[in-house]
Amino acid sequence: MYRILTSDEAAGLIQNGETICVNSFVGIENPVELHEAIYRRYHATGEPRDLTMISSAGFGVWDPDRSAEGYIREGAVKKLICGHFGAMPSTKHLVLEDRFEAYNLPLGCISHAIRAQASGIPGALSKVGLDIFVDPRREGPGINSLSKDQTLVKDVTVDGEEYLYYQLPKITTALIKGTAADRFGNISFDDMYMSGDALSICQAVKANRGKVIVQVDRLVTTHTRPRNTIIPGCLVDVIVQAEPEARPVAFKALTGSFAIPYEEWKGWQEMIDDLSMARTKSNPAYNTIGRRAAKELHEGDIVNIGIGIPETVSRYARKNGLLDKITMTVESGGIGGFPASGTVFGAMIGAASVYDMANQFDLYNSGGLNICFMGAFEVDRHGNVNAHRGPETFSGIGGFANITAKTPTVVFCLTFNTKGLVMERKKDDVTIIQNGEIPKFVNEVRSVSFSAVRARKNKQRVLYVTERCVFELTDTGLCLREVYPGVDAEKDILSLLPFPVERADLK
């Protein structure tokens, strides 16, 4: 039977050395009041300490002084396992300073490993991660010099097939955010943008004889329809009611509480972008990339579009009359709407369906998408891509590895170089006025997020779309497939590459 406690009372139940799993997605649907209560307790008493924190997609709120950032910074955490660190600005720096162990695993692989624990299985097999950084035969998942745990990812062979085996520490505490709890302790997510791993986390914790702590906006006397209950009351130990944080009215469009026809997507998107710090600045290079990349879309495609430059693809899909003829998806579980960006990345405008995150990654891992558009920091002479780690910073791999692992057509959207790049486009003609100082095409990438070797084995079609040309992955490396009108192939492309490329009959 559940108990209703204050957040401070709930935080008092967490013991030293616990393994805590947080249900959230980058910067949304994080049980912030529970984190704040843990911080208050740790700041006052030094406990709980030696915590292991797990989250498929990270658990920040884009603020270094809120949520879990305080107790992580002051030393309560000894190990952190996340798919993405983007919304955790303070924690990202601490990881690179070797303050505690930190591991970066593909988001979907963490989600599936949680679900495996829920069914009493120690870990999850996957082909996602083979030949990229997380593969223990390459770098492994450790981010800094302290991170030497060899149990999280192992290479194994089953029936002659190679896999990676993802195994998490046993989860003993769940921290969940829901909308409402009824008198039986059933938890609904009616006002939430997604449910994420909530059910799997709770089932895993109960399998491990741990405790489930749920923060809700309100307590209700009438129960919701059974299909709307995400977590049944029998799995809940503690309920904490906390006043919900104020949200702009426009954000109600992300809860699915009312229908939004396609004709209204653009208006809602613009309102939400203004409120969520989404990167909407017009850039001629980005627009050129988005326009060319969008030509790869076909009616009926199931699609994932990454953040950053790839977001321009949706703009041109709308102009081309295709946006309402394709099915967009987002890693958190949304299908059939328009993905939001900025601080509310993971939510969708006008979604047709929002289901559990593990199910979404079943779709991605099996090649259920037709096409995806992803960003990239670097591309090397082999066609490998680094999209998760810069020279002195990182955000993490997130869902990138799962999305690109089996999708039949993968389109990387990136500028040819950066930091100072100036170009202009007049109608179809492109003029490179000034090249950037930092090349994007290098001999060897710093870390591998996408493996060209694996892509060839999977017979995937891979394009690298820039503001001046298009490369394609071949059996031998990169092939220069297209040069845009106005671009000098030798001066603007080939002479700037640190490696030779095959040249097709150029368009």
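Position 334 (the sequence shown) corresponds to 335 in this note's numbering; numbering is contiguous. All residues carry an ideal CB built from backbone N, CA and C; glycine is no exception. Small disclaimer: the values here were computed from a predicted structure and weren't measured.
Assigned with DSSP and collapsed to three states, N229 falls in helix.
Within the stretch 406-446, not a single complete alpha helix (DSSP H) segment reaches 4 residues in length. With fewer than 16 other beta carbons inside 10 angstroms of its own, P123 counts as exposed. Take the alpha-carbon of I202 and the one of A58: they are about 13 Å apart. F339 carries a strand assignment under DSSP once its states are collapsed to helix, strand and coil.
Counted as a single uninterrupted DSSP element, the stretch harbouring A456 is not any beta strand (DSSP E) but the alpha helix (DSSP H) occupying residues 453-458.
In terms of Cα proximity to L200, the closest of V471, V33, D357, V443 is D357. Of G211, Y194, R316, D274, the smallest CA-CA separation from I231 is found for Y194.
The continuous alpha helix (DSSP H) containing M272 extends over residues 263-276. In this structure L35 is in contact with V241, their Cβ atoms being roughly 6 Å apart against a cut-off of 8 Å.
Under the 10 Å beta carbon count, N187 is surrounded by 16 or more other beta carbons and is classified as buried. With contact defined as three or more Cβ pairs closer than 8 Å, the stretch 93-102 and the stretch 145-152 are in contact. In the DSSP assignment, N288 falls within the unbroken alpha helix (DSSP H) covering 285-295.
For M193, the three-state secondary structure derived from DSSP is coil.
Distance between A181 and V446, taken at the CA atoms: about 47 Å. At a Cβ-Cβ threshold of 8 Å, F442 and V380 count as neighbours. Between the stretch 366-376 and the stretch 72-90, the count of C-beta pairs closer than 8 Å stays below three; the two stretches do not touch. The continuous alpha helix (DSSP H) containing T313 extends over residues 313-320. With respect to the C-alpha of N371, the residue from T256, A353, V412 having the closest C-alpha is V412. Inter-segment contact for the stretch 162-173 and the stretch 487-501 is absent: fewer than three beta-carbon pairs are separated by less than 8 Å.
Rounded to the nearest angstrom, the gap between the Cα atoms of N418 and P392 is 16 Å. Bounds of the beta strand (DSSP E) holding T330 are 328-330.
Just so you know, the alpha carbons of V157 and Y164 end up roughly 5 Å apart. V62 sits in coil when the DSSP states are folded into three classes, being neither helix nor strand. Counting only runs of 4+ residues, the alpha helix (DSSP H) found wholly inside the stretch 2-42 occupies 8-12, in chain order. Excluding residues up to 5 positions away in sequence, R4, L6, A11, I214 lie with their Cβ nearer than 6 Å to the Cβ of V239 in the same chain. Put simply, of F259, G211, G130 the residue whose alpha carbon is nearest the alpha carbon of E19 is G211. In chain order, R319 place their CB closer than 8 Å to the CB of K267, counting only its own chain and leaving out the 5 sequence neighbours on each side. Pairing G307 with Q204, the inter-Cα distance amounts to about 30 Å. Excluding sequence positions up to five before and after S189, its CB lies within less than 7 Å of the CB of G179, T180, A181, T225, N229, T230, I231, all in the same chain and listed in chain order. Taking a 10 Å sphere around the C-beta of F134, we find 16 or more other C-beta atoms and assign the residue as buried. Of the residues K80, S448, N366, A279, the one whose Cα lies closest to the Cα of P409 is N366. A353 is positioned such that its CB atom lies closer than 8 Å to that of G338.
If you draw a straight line from the Cα of S127 to the Cα of R219, it comes to about 39 Å. Residue range 358-366 is occupied by the alpha helix (DSSP H) that includes F362.
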